[in-house]
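*Asks:*
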Amino acid sequence: MTPIVKKVTQLVVGLIFLYGIYIITHGHLTPGGGFAGGAIIAGAFILLVLAYGSDVLKLRKREEGSSVVESTGILIFLALAIAALFIGTRIFFANYLPKGIIGKLVSAGTIPLYNIAVGIEVAAALFTIFLALVIYKEEVLK
Amino acid sequence: MEITLSIVIVFMILGAIYALYAKDLLSALISCGIVGYGLVICFLLLQAPDLAIVQIVVETITLVIMVAVVLNSSREELKEKAVVSIDGVSYIHQRYIVNVILVVVFALFLLYFFKESIYTLNHLGEHVTRMSTAYIENAAEQTGSANLVTGVVFDFRGYDTLGEATILFTAVIGILTILRAKGRK
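Quick look at the structure:
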């Protein structure tokens with residue numbers, strides 16, 4: 066890509082990433098949530114790959130990494146849901162943490178934790194799909 | 027608000043129709059983008075910012091991927107022959123008649139049950155919203171979440187979210203399996 070695209074990407078990508086994190090962590094207070102924030106973070110990574118080109122060897126390492134992160138995200142989600150079987154009312158998916166004051170950042174029990182887990186999972190999943198397509202294209206063109 | 031919504035929906039319909047008949051695949055994609063971004067505006071006008079955020083991000087990412095695919099392959103549609111003949115006899119014709127008869131029979135069948143069931147429904151505008159009312163009234167106290175949508179998605183409908191995350195996981199596994207050029211030994 067041209068230097069203009071690279072420079073603008075440099076300036077903007079951090080803001081996009083921060084905005085994604087904001088959407089995820091404030092999912093129980095403002096519009097948004099795990100899925101939307103995860104997609105925004107994946108968009109930031111996709112922008113970086115688009116602007117700075119593709120070195121297949123580096124990309125393949127990243128693909129393995131993001132695949133592992135994705136599996137970790139869904140495992141955290143499942144672990145949080147299963148932990149409810151052992152704490153409190155012993156119901157799958159029950160909200161076992163104290164609710165706190167409505168409207169504060171730390172409130173709503175397990176919902177922010179679910180949001181973070183889903184955010185990690187969605188971001189890594191979309192980025193993995195994109196990387197798989199890019200790597201496939203590079204390998205086929207060779 | 028309804029006039030604005032109607033204008034946006036008319037634009038979306040025009041974009042969808044143009045996408046069907048465009049010769050260049052890239053312009054067909056861009057007019058598909060009109061449909062997606064028009065949907066974002068519709069969600070915003072209908073006061074659903076959660077859906078609007080998800081729609082705008084996912085639309086952008088899929089559009090980028092689709093444009094990359096079109097630019098790397100051909101920009102024209104593959105042409106297929108309308109009538110295929112085996113040993114001099116065209117068989118598309120017979121299949122066409124059978125298809126039309128099947129469609130008409132199914133349409134009449136569904137129409138009959140639609141007519142039967144429509145008597146039990148309420149009048150237009152008088153919805154039955156027992157579940158929605160219960161969610162709206164009690165969600166903030168029961169889940170502790172100020173955002174109603176997140177409260178419903180992660181508490182009342184937690185199983186749905188688990189299934190959705192599993193679907194995404196399965197999709198990634200499928201893509202990684204299919205798009206592997208060399209098999210591992």
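Chains A and B are the protein sequences, given in the same order. Okay, so the first sequence: first residue is 66 according to the numbering used here, each after it adds one. Okay, so the second sequence: first residue is 27 according to the numbering used here, each after it adds one. Just so you know, even glycine gets a beta-carbon here, dropped at the ideal spot from N, CA and C. Since this is a predicted model, take the numbers as computed values, not measurements.
1. Straight-line CA distance for L46/B to A54/B?
2. Do we get a CB-CB distance below 8 Å when we pair P68/A with the residues of chain B?
3. I need the boundaries of the alpha helix (DSSP H) containing P96/A, first residue and last residue.
4. Under 8 Å between C-beta atoms, does F195/B make it to chain A?
5. Between N98/B and chain A, is the shortest Cβ-Cβ distance under 8 Å, so that the two count as touching?
6. Look at the alpha carbon of L113/A and the alpha carbon of L89/B, and state the distance between them as a whole number of angstroms.
7. I'd like to know if L170/A contacts chain B, where contact means its C-beta is closer than 8 Å to some C-beta of that chain.
8. In terms of DSSP beta bridges, what is E102/B paired with?
9. Looking at T74/A: is its Cβ nearer than 8 Å to the Cβ of A116/A?
10. Which residues bound the alpha helix (DSSP H) around K164/A?
11. When you compare the CB positions of N180/A and G79/A, do they come within less than 8 Å of one another, or not?
12. Report all residues from its chain with a CB closer than 7 Å to the CB of K211/B; omit the five preceding and five following residues, and keep chain order.
13. Cβ of G165/A less than 8 Å from any chain B Cβ?
14. Is V90/B close to chain A? Criterion is C-beta to C-beta, closer than 8 Å.
15. Check whether the segment 143-163 of chain A touches the segment 125-138 of chain B, taking contact to mean three or more Cβ pairs, one atom from each stretch, closer than 8 Å.
16. By the three-class DSSP mapping on this structure, what secondary structure does M92/B have?
17. How is Y122/B classed by DSSP in three states: helix, strand or coil?
18. Assign G184/A to buried or exposed, taking buried as 16 or more other Cβ atoms, counted over all protein chains shown, within 10 Å of its Cβ.
19. Closer than 8 Å, CB to CB, is K211/B near chain A or not?
20. Identify the contact partners of A146/A in chain C, using a Cβ-Cβ distance below 8 Å as the criterion.
21. Give the interface partners of A166/B over in chain A, defined as CB-CB distance under 8 Å, in chain order.
*Replies:* Answer, in terms of the structure:
1. Numbered from its first residue, the second sequence carries residue 46/B at position 20. Numbered from its first residue, the second sequence carries residue 54/B at position 28. Between the C-alpha atoms of L46/B and A54/B there is a straight-line separation of about 7 Å.
2. For the purposes of this step, residue 68/A is taken as the residue at position 3 of the first sequence. Interface criterion not met: the Cβ of P68/A is under 8 Å from no Cβ in chain B.
3. On the first sequence, position 31 is the one that residue 96/A refers to. Boundaries for P96/A: no alpha helix (DSSP H) harbours it, and the DSSP string shows neither H nor E there.
4. Residue mapping note: residue 195/B aligns to position 169 of the second sequence, counting from 1. Yes, its Cβ sits closer than 8 Å to a Cβ of chain A.
5. Numbered from its first residue, the second sequence carries residue 98/B at position 72. Put simply, the CB of N98/B is near chain A, with a gap under 8 Å to one of its CB atoms.
6. As a first step, residue 113/A must be located in the first sequence, where it is residue number 48. As a first step, residue 89/B must be located in the second sequence, where it is residue number 63. Each residue's alpha carbon lies about 16 Å from the other.
7. As a first step, residue 170/A must be located in the first sequence, where it is residue number 105. For L170/A, the answer is no, since every Cβ of chain B falls outside 8 Å of its Cβ.
8. On the second sequence, residue 102/B is found 76 positions in, with the first residue counted as 1. Looking at the DSSP assignment, E102/B forms a beta bridge with D50/B.
9. In the first sequence, the residue the question calls residue 74/A occupies position 9. In the first sequence, the residue the question calls residue 116/A occupies position 51. Contact: yes.
10. Counting from one through the first sequence, the residue named residue 164/A turns up at place 99. From DSSP, K164/A is part of no alpha helix (DSSP H); its letter is neither H nor E.
11. Translated into the one-based positions of the first sequence, residue 180/A becomes position 115. Translated into the one-based positions of the first sequence, residue 79/A becomes position 14. Not in contact: N180/A and G79/A (Cβ atoms no closer than 8 Å).
12. Here the question's residue 211/B lines up with position 185 in the second sequence. Low confidence applies here, because K211/B scores a pLDDT of 46, under 50, leaving its location unreliable and the question unanswered by this model.
13. Here residue 165/A is taken as the residue at index 100 of the first sequence, counted from 1. Cβ-Cβ to chain B under 8 Å: yes for G165/A.
14. Within the second sequence, the letter at position 64 stands for residue 90/B. Answer yes: the Cβ-Cβ gap between V90/B and chain A drops below 8 Å somewhere.
15. Verdict: no, contact absent.
16. Translated into positions along the second sequence, residue 92/B becomes position 66. Reduced to three states, the DSSP call for M92/B is helix.
17. The sequence position of residue 122/B within the second sequence is 96, counting from 1. DSSP places Y122/B in helix when its eight states are reduced to three.
18. Locating residue 184/A in the first sequence gives position 119, where the first residue counts as 1. Around the beta carbon of G184/A, 16 or more other beta carbons sit within 10 angstroms, so the residue counts as buried.
19. Translated into the one-based positions of the second sequence, residue 211/B becomes position 185. Annotation note: pLDDT 46 at K211/B (below 50); position unreliable, coordinate value reported separately. Taking 8 Å as the threshold, the shortest C-beta distance from K211/B to chain A does not fall below it.
20. Judged by its chain identifiers, the structure shown contains no chain C, and its protein chains are A and B.
21. Against the second sequence, residue 166/B aligns to sequence position 140. Simply I167.
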